[in-house]
Structures are given as structure tokens and as C-alpha cells.
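To start, the structure itself, in C-alpha cells.
Residue numbers (the numbering used here): 392 to 529.
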């Protein structure tokens with residue numbers, strides 16, 4: 392594996408792995424879309440806090456795509472990649488993959504672009520450290 396390939400791989404980070412529960416099913420027997428959105432928001436918040444080196448808040452979901460249903464026995468993994476960093480905001484691409492049939496099959500199920508803002512101790516926007524921009528955007 393080349394250095395460039397390794398660098399690209401490290402830009403995408405696994406952040407969260409969750410097994411949905413029967414209570415998370417909708418009327419169709421699939422996992423409720425709101426449940427997966429909340430898991431993505433949690434994972435995005437974890438990644439945003441790493442980048443911002445402190446508290447963050449979700450300010451927007453710029454794009455969201457439901458690709459395939461999540462089934463009751465799936466195990467989902469949320470992967471995050473920093474797309475851009477502004478003065479106080481961070482845009483993070485979140486991709487959700489379902490492990491199905493005892494890990495025999497990996498199915499992309501949702502993808503979204505979430506924006507977070509870094510917060511100071513008074514819950515006001517604050518500047519993101521320059522070191523984070525270098526680390527996460529190269």
C-alpha cells in the first residue's frame with residue numbers, strides 16, 4: 392500500500408458501531424429513519440469534538456440519503472470523514488454500513504453531510520484551531 396493510499400484510508404474513521412433493537416422498528420419492519428439519523432448525529436458529534444478539540448453542536452444536515460433499509464438483525468457502523476473546516480464550523484460526511492447475515496454482507500444504508508459548530512464555555516461559536524485544519528484536511 393502506498394503512502395497516498397494509506398493517507399486516504401486514514402481520512403475515513405470508524406466512529407460508532409450499534410445493534411438496533413426491536414423497539415427501533417417502524418411499521419414496515421425496518422429500522423426507523425429517525426433512529427439512524429440520531430446515531431449519525433452522535434457519531435458526527437464525536438468526530439466534530441475531536442476536530443474542534445471541545446464542545447460542538449449540530450447546526451445543519453446539508454444532505455441525507457437513505458440508500459437501503461436497515462433490518463432488525465443488522466449491526467451498523469458509522470464512518471466519518473471531515474469534508475471541510477471553516478472558521479467555526481466543520482462539515483462531516485457520515486456513511487452508515489450495515490453488517491448483515493453474520494458479517495457475510497456489508498450493505499451501504501445511509502449517507503449524509505452534517506455541519507457542526509465549535510462552542511466556547513458560554514455556548515457561543517468559537518474559532519477552530521489551525522492545527523485541526525492541518526491534521527484533518529492535510
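Backbone N, C-alpha and C define an ideal beta-carbon position, used for all residues, glycine too. These numbers were taken from a predicted model, which means no experiment stands behind them.
Check, Outcome
"Residue 397 versus residue 403: straight-line alpha-carbon distance, rounded", "Low confidence applies to residue 397: its pLDDT is 46, below 50, so where it sits in the model is not reliable enough to give any reading."
"Neighbourhood of residue 465 by C-beta, 6 Å cutoff - its chain only, sequence neighbours within 5 removed", "489, 491"
"Cβ-Cβ separation, residue 426 to residue 411 (assumed contact under 8 Å), whole Å", "7 Å"
"CA-to-CA distance, residue 529 to residue 494, given in whole angstroms", "33 Å"
"Where residue 493 sits in the DSSP three-state scheme", "coil"
"Residues bridged to residue 486 [DSSP beta-bridge criterion]", "470, 502"
"Environment of residue 486 [buried if 16+ CB atoms lie within 10 Å]", "buried"
"Residues sharing a beta bridge with residue 416, DSSP", "422"
"DSSP three-state assignment for residue 441, whether helix, strand or coil", "helix"
"CB contact flag (residue 500, residue 454, <8 Å)", "no"
"Residue 476 and residue 524 closer than 8 Å at C-beta", "yes"
"DSSP beta-bridge partners of residue 480", "508"
"Residue 482 versus residue 474 - alpha carbon distance", "5 Å"
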